[in-house]
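Student:
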Amino acid sequence: MEAGVGTGYDGIGVTLTVPQSIDRSLGTWDDIGALAREFNLMVDGVFNHVSGESDWFRRFLRDEPPFRDWFIVVQDEPDLSQVVRPRTLPLLTKFETAAGPKRVWTTFGPDQVDNNVKNPDVLLALLDVLLLYVKEGARFVRLDAIAYLWKEIGTSCIHLPQTHHVIQLMRAVLDVVAPDIMLITETNVAHRDNVSYFGDGTNEAQLVYNFALPPLVLHSLVTGNADALSRWATTLSLPSRRVAFLNFLASHDGIGVTPAAGILTSAELENLVTVAQRRGGFVSYRRNHDGTSSPYELNINYLDALSDQSDPSEQVQIDRFVTAHAIMLAMPGLPAIYVHSLIGSRGDRAGAEASGMPRRVNRQRLVLADLERELDDRASRRSQVLRRLLALLDRRRTTPAFQPAGGADVMQLDPRVFALQRFSPDRNEQAVCLHNVSPDRVAVIGESLAPYETRWLIG
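Under numbering that gives the first Met the number 0, the first residue of the sequence shown carries the number 0, and numbering increases by one thereafter.
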């Protein structure tokens, strides 16, 4: 959930205007507290930037003394060519202020203005917001786009040591006042950089989004070959038993391409781009050091990405989709399923085209009565997907071998099968997880797997 008052910036997305307040049309902090008593809440800690319509930025525009240095003003013409960012929009945006025109740092576009965390007052204000979320019931805090937090002209302005220091400060504060709260870093970057946000296993995030997993699972099911996924899975390691991966396949954004760089070849990555476009998706680009652009994100619904016009039936697509999620659920760590995946949604291409925002494809608004009617129809796509995913979740929840702290060994049985052996932390229970990513019937370890079949052998 995104705590705080926000404004739409893409027709359905939200950018924070008042991070300490709740939009009264949606509810109050009392409602958040009621939810927290029933569920483990994760809130979106957007600390890199605020809305251009926020109170903080409006006071900056009025040149009020406390806020003059709350944002990053760039003067003259410094060399910003090394800056890495997942957008092709201009990095600096010109704003008219009471003190005259100023060019302000906007990593993600002119409507989202970067906070100047070098200013101690800003850093303290952000810590206040963090602690407010904890006070109001947050169990997990997702650190949105945290990799870009600290800026130093002349550097890449991503993964800087100072950014890690700020995360360590947040962790140190929480360890004192609320040690049960977990930080989750949202860093859609190359895998080797992504895992750096575990720190030493005790001093940064307890959970890190496993961003390489979505493109690797997609590649496996598109090609019918799990070799790349299996090789990568054998390399996964954690700096301590106090941290874990947050495994997922889809989100309100898209499928990151960058996290698979160095794992998949350039040709394999380009094939994913081609497949996404052929299956009705869009591609978002990032700006490189040399001024060129590279694919950053595939903006396509995950079910659509796994569906081809040549498929004999939608049932094959559902089978493929469920097996993709079974792979994710079998991986060591904590699983997360996007709500549109859980209920078998297709992409909203019309909404994306109408808004001009590719990410809108994964943010379809649903009519409750229509959704309920489809879910009640056991033959419908939505009902089949929901029931099959819930069955997998129930199996996972009741099997000790799937505990996040348990062990895992990759089994090299057949390129068409992603096979994983899971162990309970005490190694007294195990599960052999077989996932056929191909359209072929495959026989392994005495089991005959139908096309795109998942089989978990619990023992």
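Cβ coordinates follow ideal geometry from the N, Cα and C atoms, glycine included.
(1) Restricting to Cα atoms, I'd like to know which of L148, R381, Y208, A144 is closest to L333.
(2) Going straight from the alpha carbon of I183 to that of L79, what length do you get?
(3) For L409 versus M327, is the C-beta spacing smaller than 8 Å?
(4) When you compare each of L389, S379, G280 to I336 by their alpha carbons, which one comes out closest?
(5) Counting only the same chain and skipping the five closest in sequence on each side, list residues whose C-beta sits under 6 Å from that of R102.
(6) Within 10 angstroms of the Cβ of T106, are there 16 or more other Cβ atoms? Answer buried if so, exposed if not.
(7) Which residue wins for smallest C-alpha separation from R380, given the options V128, Q316, G136, R454?
(8) Three or more C-beta pairs under 8 Å: does that hold for the stretch 120-135 against the stretch 186-200?
(9) What distance in whole Å lies between the Cβ atoms of N435 and P414, which are believed to be in contact at a cut-off of 8 Å?
(10) According to the neighbour-count rule (16 or more other Cβ atoms, all chains shown, within 10 Å of its Cβ), is H288 buried or exposed?
(11) For P294, name the three-state secondary structure that DSSP assigns.
(12) Ignore the nearest five residues each way along the sequence and tell me which others in G32's own chain have a CB closer than 7 Å to its CB.
(13) Please return the same chain residues whose Cβ sits closer than 6 Å to the Cβ of D376, not counting the five positions on each side in sequence.
(14) Hey, L302 and G343: beta-carbon distance below 8 Å or not?
(15) Tell me whether L168 is buried or exposed, calling it buried when 16 or more other Cβ atoms sit within 10 Å of its Cβ.
(16) What distance in whole Å lies between the Cβ atoms of A98 and D68, which are believed to be in contact at a cut-off of 8 Å?
(17) In whole angstroms, give me the CA-to-CA distance for D155 and R394.
(18) Taking the CB atoms as reference points, tell me whether R421 and A304 lie closer together than 8 Å.
(19) Under 8 Å by Cβ, that's how I've got T453 and V321 pegged, so tell me the actual separation to the nearest angstrom.
(20) If you compare alpha carbons, which of D252, G290, R285, Q308 is closest to N300?
(21) Given a cut-off of 8 Å on the beta-carbon distance, is the pair A166 and A204 in contact?
(22) Straight-line CA distance for L131 to G44?
(23) Note the first and the last residue of the continuous beta strand (DSSP E) segment covering P119.
(24) Quick one: what does DSSP say Q167 is sitting in, helix, strand or coil?
(25) Can you find the residues in the same chain that come closer than 7 Å, C-beta to C-beta, to T201, ignoring five residues on each side of it along the sequence?
(26) Which residues bound the beta strand (DSSP E) around R61?
(27) Quick check: what's the CA-CA separation for V282 versus V175?
(28) I need the boundaries of the alpha helix (DSSP H) containing V272, first residue and last residue.
(29) Let's see if you can read the secondary structure: which residues bound the beta strand (DSSP E) around N435?
(30) Would you give the residue range spanned by the beta strand (DSSP E) that S283 belongs to?
(31) May I ask you to report which of helix, strand or coil DSSP gives P100?
(32) Can you round the beta-carbon distance between D310 and R278 to whole angstroms, since I take them to be within the 8 Å contact cut?
(33) Per DSSP, what kind of secondary structure is A144 in: helix, strand or coil?
(34) Rounded to whole angstroms, how far is the Cβ of F417 from the Cβ of A243, which I believe are closer than 8 Å?
(35) Taking the alpha-carbon of D318 as reference, which of D369, R23, R387 has the nearest alpha-carbon?
(36) When you compare the CB positions of W231 and A260, do they come within less than 8 Å of one another, or not?
Tutor: From the atom records:
(1) Y208
(2) 29 Å
(3) Checking the sequence, you will find Val at residue 409 rather than Leu. The answer is no: Cβ separation not under 8 Å.
(4) Checked all of L389, S379, G280; the closest Cα to I336 is L389.
(5) These residues qualify, in order along the chain: V73, L91, K93.
(6) Residue burial annotation: T106 is buried, with at least 16 other C-beta atoms found within 10 angstroms of its C-beta.
(7) Q316
(8) Under the Cβ criterion (8 Å, minimum of three pairs), the stretch 120-135 does not count as touching the stretch 186-200.
(9) Wrong, their Cβ atoms sit about 11 Å apart, outside the cutoff.
(10) H288 is classed as exposed because its beta carbon has fewer than 16 other beta carbons within 10 Å across all chains shown.
(11) strand
(12) Counting only Cβ-Cβ distances below 7 Å, and skipping sequence neighbours, we find E135, G136.
(13) S382.
(14) One thing to note: L302 has its Cβ within 8 Å of the Cβ of G343.
(15) exposed
(16) With 8 Å as the limit, D68 and A98 do not qualify as a contact, their Cβ atoms being about 12 Å apart.
(17) As written in the sequence, residue 155 is Ser, which differs from the Asp given in the question. Computed Cα separation, rounded: 44 Å.
(18) no
(19) 7 Å
(20) D252
(21) A small fix is needed here, since residue 166 is Ile in this sequence, not Ala. Closer than 8 Å, so yes.
(22) Going by the C-alpha atoms only, they are around 11 Å apart.
(23) Taken as a continuous stretch (DSSP letters only), P119 belongs to no beta strand (DSSP E), being part of the alpha helix (DSSP H) at 119-134.
(24) helix
(25) Counting only Cβ-Cβ distances below 7 Å, and skipping sequence neighbours, we find S239, R241.
(26) Per DSSP, R61 belongs to no beta strand (DSSP E) and is neither H nor E.
(27) 43 Å
(28) 265-277
(29) Here the beta strand (DSSP E) through N435 covers 429-435.
(30) Looking at the DSSP string, the run of the beta strand (DSSP E) that includes S283 is 281-286.
(31) strand
(32) Actually they are not in contact, since the Cβ atoms of D310 and R278 sit about 11 Å apart, beyond 8 Å.
(33) coil
(34) Contact between F417 and A243 is ruled out by a C-beta separation of about 20 Å, above the 8 Å threshold.
(35) R387
(36) No, the Cβ-Cβ distance between W231 and A260 is not below 8 Å.
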